[in-house]
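Protein chains in written order, with this note's numbering: chain A, 1 to 226; chain B, 227 to 452.
Yeah, the Cβ is synthetic: ideal placement off N, Cα and C, and Gly gets one too.
All values derive from a computational prediction rather than experimental measurement.
Below is one structure, written out as structure tokens; the observations come after it.
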DNA sequence: CCGATGACTGGATAAAAATACAGTGATGAC
DNA sequence: GTCATCACTGTATTTTTATCCAGTCATCGG
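Shown next, in the form of structure tokens:
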């Protein structure tokens, strides 16, 4: 018995599961709409009704966040198998420095070091640490030289801080997306000195490399100044 | 060393767990009040605050049903007590939440959790993680809720970020001291909204508890906003 | 071409929830 | 005796949240 779910419904279902795992509570209609870029919470409502009709979830009328997952039979589609060569049972994480153009982030020559940090400290799990260059995310508390804990993923939700590759350059920004924008996304800095980067997907290729799940700053010791 | 929870608090905690198990979502304040017979939802609110202070749950401000169970230490306190005190050879660090007035920072009841991070990652070595409250060090990239890696020390140098105790309150600030000042030091916030605290050592006792050696931020995952 | 279905926008509204404020007793420490 | 903490009552007020209504556009089977 395969799933009669549509792709979009599958995405909504995955989002619900992810939301419960990361926040402890199911999402509201508005949160679903925001995460998937809908401009109306009613779109989320429609999806929930459809999922309930198909038996994937159970809704409790009138109760806020009254969404319950039923029998998680199928494996989720979202990039579960992509962690190539990463030991999930490891107690440490590789730190990635400057990434050369054209090569994958996790290529061995990019690994500067390994740090004794449990990957499962973060939710979702961190796959590597990326050394941040520049101050474009300053107001999000991510400073030059910080190590960003990254969960490797090919997709991200509106509002998340992502590691993206644009024109073969790797950058860290907040992702902005709307349902109305078909060929457009924005990479927004968290610092008024930097303008948002508007990406036209018909002209430029944008690859999501992962989502930020934490920050680690070492070397706070010395009496250095900003 | 049993739970620092009172009987009533334990009952509330059990109820929350039961509610999640049976309905799939955490309870609201009104539902807690109703289940335990309170006539005011505010009674539930008070209990939740107390449980959060003790690290049994985590509350998300403004989010309906934003209650999360932390580290299910087990219903009853079994013989195997948790590692209290200072294991130097450990691979993890204790995280300290709110520090009660008059008691030492590393007292067992302040330990919210332990995180798998090698103490030697930091220089000098970190002895514990302190959960930062407030935004007074915002411009140093230390945000509300961050975990500050702290090296226990009784002295610090000018310009270092320190964990200090003043009037029995623990605070994180940058230390300012000049050779010319004999009885004076300043604790400077890294945020223009906070004025520097000028300390006259003849009148107030200032204790250095440690110096900041790093920052760790978890929970960067969800699409939450600042 | 028609009607059903999926995937939405936009606006409105009532109910549900969080949370602030002001109190009351009781208990135990100092 | 005073103070802090716990365990509440009661009243507001503001946000959140669920949910309804009225449409639009595209696709697909018949």
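- At a cut-off of 9 Å, the C-beta of residue 446 (chain B) has a neighbouring C-beta in chain A.
- Each residue's CA atom was taken as its position, placing residue 275 (chain B) and residue 238 (chain B) some 11 Å apart.
- Looking from the CA of residue 208 (chain A), the closest CA among A:169, A:192 and A:190 belongs to A:169.
- Excluding residues up to 5 positions away in sequence, 375, 377, 439 and 440 lie with their Cβ nearer than 8 Å to the Cβ of residue 348 (chain B) in the same chain.
- Within the region 371-400 of chain B, the residues whose Cβ lies closer than 8 Å to some Cβ of chain A are 372, 375, 377, 383, 384, 385, 386 and 387, listed in chain order.
- Along the region 400-427 of chain B, there is no position whose C-beta sits under 7 Å from a C-beta of chain A.
- In the DSSP annotation of this structure, the continuous segment of the beta strand (DSSP E) that includes residue 425 (chain B) starts and ends at 423-426.
- Of the other Cβ atoms in all chains shown, 16 or more fall within 10 Å of the Cβ of residue 176 (chain A); this residue is therefore buried.
- Contact of residue 46 (chain A) with chain B is not assigned, every C-beta pair being separated by 9 Å or more.
- In the structure shown, residue 168 (chain A) falls within a coil segment according to DSSP collapsed to helix, strand and coil.
- In the structure shown, the three-state DSSP call for residue 44 (chain A) is helix.
- For residue 295 (chain B), the pairing in a beta bridge is given by DSSP as B:283.
- No Cβ-Cβ contact shorter than 9 Å links residue 134 (chain A) with residue 367 (chain B).
- Between residue 216 (chain A) and residue 147 (chain A), the gap from beta carbon to beta carbon is short of 9 Å.
- Think of a sphere of 9 Å around the beta carbon of residue 122 (chain A): the chain B residues whose beta carbon falls inside it are 444, 445, 446 and 447, in chain order.
- Counting only runs of at least 3 residues, the region 332-371 of chain B fully encloses the following beta strand (DSSP E) elements, listed from N- to C-terminal order: 337-341 and 354-357.
- Inter-residue distance for residue 218 (chain A) and residue 419 (chain B) is about 26 Å (C-alpha atoms, whole angstroms).
- Burial state of residue 381 (chain B) is exposed, judged by a 10 Å Cβ sphere holding fewer than 16 other Cβ atoms.
- Residue 32 (chain A) is positioned such that its CB atom lies closer than 9 Å to that of residue 47 (chain A).
- Taken through DSSP and simplified to helix, strand or coil, residue 189 (chain A) comes out as coil.
- Burial state of residue 266 (chain B) is exposed, judged by a 10 Å Cβ sphere holding fewer than 16 other Cβ atoms.
- With fewer than 16 other Cβ atoms from the protein chains shown falling within 10 Å of its own Cβ, residue 428 (chain B) counts as exposed.
- In the displayed model, residue 238 (chain B) falls within a helix according to three-state DSSP.
- In this structure residue 388 (chain B) is not in contact with residue 358 (chain B), their Cβ atoms being roughly 13 Å apart against a cut-off of 8 Å.
- Residue state for residue 383 (chain B) is assigned as coil, using DSSP reduced to three classes.
- At least 9 Å separates the CB of residue 56 (chain A) from every CB of chain B.
- With a threshold of 9 Å between beta carbons, residue 131 (chain A) makes no contact with chain B.
- Assigned with DSSP and collapsed to three states, residue 403 (chain B) falls in coil, not helix or strand.
- Out of B:249, B:417 and B:289, the CA that lies nearest to the CA of residue 23 (chain A) is found in B:289.
- In this structure, the straight-line span from the alpha carbon of residue 28 (chain A) to that of residue 189 (chain A) is close to 27 Å.
- DSSP places residue 31 (chain A) within a helical segment (H, G or I) once states are collapsed to three.
- At the C-beta level, residue 400 (chain B) and residue 386 (chain B) come within 9 Å of one another.
- With a cutoff of 9 Å on beta-carbon distance, residue 321 (chain B) and residue 355 (chain B) are scored as near each other.
- When DSSP states are grouped into helix, strand and coil, residue 374 (chain B) belongs to the strand group.
- In the DSSP assignment, residue 432 (chain B) falls within the beta strand (DSSP E) that extends over 432-443.
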